[in-house]
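S.K.: Here you go, one structure.
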Amino acid sequence: MKNTGPYSKIIAGTMTWGQWGKQFSTAQMADLITFSLEQGITTFDHADIYGDYTTEQEFGKAFKATGIARESIQLVTKFGIQMTSRSGNRVKHYQYDAAYILKCAEQSLQKLKTDYIDLLLLHRPSPLMHPDEIAEATQRLLAAGKIKQFGVSNVSPSQMGMLETAQSIAANQVEFSLTHCDPMYDGTFDDCIQNDRTAMAWSPLGGFFRENNTQNQRIQTVLDTLKPKYDADENQLLLAFVLKHPAAVHPVIGTTNKKRIAAALQAVNITLQVQDWFLLLQASQGHEAP
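Take the sequence shown: its letter number 253 is residue 253 in UniProt numbering, and every next letter is one higher.
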């Protein structure tokens, strides 16, 4: 049986909680944290760059205001992307030298107002990354108890193999949805199953609600037939498609709407029949299985 780790099955993505989206006040953010926990979401996904490097700090302040015990939640955050909004950065780039990794981790710890990060993720692979350099920093952080696990995001199986020559990797967070199925075919989820890695999916609804194209029209037709069968809406069925995969994928949902959060949690209780899952896949791909 796949080990899914200590993380909630549905993960709350915080990218739009702050300046990059809703611009919540401390009280509003604290309320959303509390509501999420009441619904069963205990894992919160961050990155140092979210909100132009401000959302971690805003979340940390809000979480402290809730009075909730730190052990009741899991904090995931990412590092490595350098934005041009930062002084001295002439171009967007990735940085993964040991000193910078340690600096990023310390800054995230301080901003999130915590002694440890449950899962620290390398945000995006760089052509210049070296496994020994990364491991030098992550092993120090693990030994000091400042991170509980180290993982990656958007990393291919070949890059995973290269990185694991120096450091074991607990998780891979990648883009996966009914409209973006690459991880099922490029070896990413095979690797997660084979090596007992936690799989997380960002943008688990894909482009279904953002684009009006023939692919989404085909998907809508199938969803319309499945909604009454499963007593579920489009969001829930799209999440159920993701949850069906044997890699035991954790969807990272970005909504801040309480009704949608509560509805998303119900997707965990939907078990799509195999033929219904393949009907959705066929609609996405535009042809039947080979």
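Glycine residues also receive a C-beta, built at the ideal position from the N, C-alpha and C atoms. This structure is a prediction, so every number in the text was calculated from the model and none was measured.
Three Cβ pairs or more, each shorter than 8 Å: is that satisfied between the stretch 119-127 and the stretch 82-99?
M.R.: Result yes; three or more Cβ-Cβ pairs closer than 8 Å.
S.K.: If you draw a straight line from the C-alpha of Arg210 to the C-alpha of Ala289, how long is it?
M.R.: What you label residue 210 is simply residue 210 of the sequence shown in a count that begins at 1. What you label residue 289 is simply residue 289 of the sequence shown in a count that begins at 1. Approximately 26 Å, taken between the alpha carbons.
S.K.: Roughly how many angstroms separate the alpha carbons of Pro157 and Lys113, rounded to a whole number?
M.R.: Counted from its first residue, the sequence shown places residue 157 at position 157. Counted from its first residue, the sequence shown places residue 113 at position 113. Distance between the alpha carbons of Pro157 and Lys113 is about 34 Å.
S.K.: Going by DSSP in three states, Thr14 sits in which element: helix, strand or coil?
M.R.: Against the sequence shown, residue 14 aligns to sequence position 14. The answer is coil: DSSP assigns Thr14 none of H, G, I, E or B.
S.K.: Identify the continuous alpha helix (DSSP H) that holds Gln277 and give its terminal residues.
M.R.: For the purposes of this step, residue 277 is identified with residue 277 of the sequence shown, where counting begins at 1. Note that residue 277 is Trp in the sequence shown here, rather than Gln. Looking at the DSSP string, the run of the alpha helix (DSSP H) that includes Trp277 is 274-285.
S.K.: Hey, out of Asp186, Pro6, Gly254, Pro246, whose CA is closest to Asp118's CA?
M.R.: Numbered from 1 along the sequence shown, position 118 holds the residue referred to as residue 118. Residue Pro6 is the option with its Cα nearest to Asp118.
S.K.: Out of Ala263, Leu243, Ile261, which has the shortest C-alpha to C-alpha gap to Val274?
M.R.: Within the sequence shown, residue 274 is the residue found at index 274, counting from 1. Nearest C-alpha to Val274: Leu243.
S.K.: Do the CB positions of Gln236 and Ala267 come within less than 8 Å of each other?
M.R.: By 1-based counting over the sequence shown, the position of residue 236 is 236. By 1-based counting over the sequence shown, the position of residue 267 is 267. Yes, the Cβ-Cβ distance between Gln236 and Ala267 is below 8 Å.
S.K.: Three or more C-beta pairs under 8 Å: does that hold for the stretch 170-177 against the stretch 193-204?
M.R.: Yes, since at least three Cβ pairs between the stretch 170-177 and the stretch 193-204 fall closer than 8 Å, the two stretches touch.
S.K.: Using beta carbons (cut-off 8 Å, strictly below), is Ala247 in contact with chain C?
M.R.: Absence of chain C from the displayed structure is noted, only one protein chain being present.
S.K.: Between which two residues does the beta strand (DSSP E) harbouring Ile147 extend?
M.R.: Translated into the one-based positions of the sequence shown, residue 147 becomes position 147. That run of the beta strand (DSSP E) goes 147-153.
S.K.: Among the candidates Pro251, Arg218, Asn269, Thr214, whose CA atom is the shortest distance from the CA of residue 315?
M.R.: Past the boundaries of the shown model lies residue 315; the chain is included only from 1 to 290, so the question cannot be answered.
S.K.: Taking Thr55 as the reference, give the member of Phe150, Gln39, Lys64, Gln23 with the closest Cα.
M.R.: Mapped onto the sequence shown, residue 55 falls at position 55. Of Phe150, Gln39, Lys64, Gln23, the residue nearest in Cα terms is Gln23.
S.K.: What whole-angstrom Cβ distance do Lys61 and His123 have, given they're in contact under 8 Å?
M.R.: Residue 61 sits at position 61 when you count from the first residue of the sequence shown. Residue 123 sits at position 123 when you count from the first residue of the sequence shown. About 23 Å separates the two Cβ atoms, so there is no contact after all.
S.K.: Look at the alpha carbon of Met162 and the alpha carbon of Lys227, and state the distance between them as a whole number of angstroms.
M.R.: The residue labelled residue 162 in the question sits at position 162 within the sequence shown. The residue labelled residue 227 in the question sits at position 227 within the sequence shown. Distance between the alpha carbons of Met162 and Lys227: 43 Å.
S.K.: Tell me the DSSP secondary structure of Leu178 in three-state form.
M.R.: Locating residue 178 in the sequence shown gives position 178, counting from the first residue. Leu178: coil per DSSP, three-state reduction.
S.K.: Does the structure place the stretch 247-256 close enough to the stretch 141-161 that three or more beta carbon pairs sit under 8 Å?
M.R.: No: fewer than three Cβ pairs fall under 8 Å.
S.K.: Since Lys22 is in the alpha helix (DSSP H), which residue starts that stretch and which ends it?
M.R.: Taking the first residue of the sequence shown as position 1, residue 22 is located at position 22. Counting along the chain, Lys22 falls outside any alpha helix (DSSP H), and DSSP gives it neither H nor E.
S.K.: Ordered along the chain, which non-local residues of its own chain (more than five positions away) have a Cβ less than 8 Å from that of Trp277?
M.R.: Translated into positions along the sequence shown, residue 277 becomes position 277. Phe241, Lys244.
S.K.: How would you label Asn3, buried or exposed, when you count the other beta carbons within 10 angstroms and need 16 or more for buried?
M.R.: Residue numbering aside, residue 3 sits at position 3 when the sequence shown is read from its first letter. Bear in mind that a pLDDT of 49 at Asn3, under 50, signals an unreliable position, so the model cannot answer this.
S.K.: Indicate whether Ser8 and Gly40 have their beta-carbon atoms separated by less than 8 Å.
M.R.: Taking the sequence shown and counting its residues from 1, the one referred to as residue 8 is at position 8. Taking the sequence shown and counting its residues from 1, the one referred to as residue 40 is at position 40. Contact: yes.
S.K.: Are there 16 or more other CB atoms within 10 angstroms of the CB of Lys259, so buried, or fewer, so exposed?
M.R.: As a position in the sequence shown, residue 259 is number 259, starting the count at 1. With fewer than 16 Cβ atoms within 10 Å of its Cβ, Lys259 is classed as exposed.
S.K.: May I have the straight-line CA-CA distance separating Leu238 from His180, to the nearest angstrom?
M.R.: Start at 1 with the first residue of the sequence shown, and residue 238 comes out as number 238. Start at 1 with the first residue of the sequence shown, and residue 180 comes out as number 180. Straight-line Cα distance between these residues: approximately 12 Å.
S.K.: Taking the Cβ atom as the reference point for each residue, do Gly18 and Glu58 lie within a distance shorter than 8 Å?
M.R.: Taking the first residue of the sequence shown as 1, we reach residue 18 at position 18. Taking the first residue of the sequence shown as 1, we reach residue 58 at position 58. Yes, these two residues count as a Cβ contact at 8 Å.
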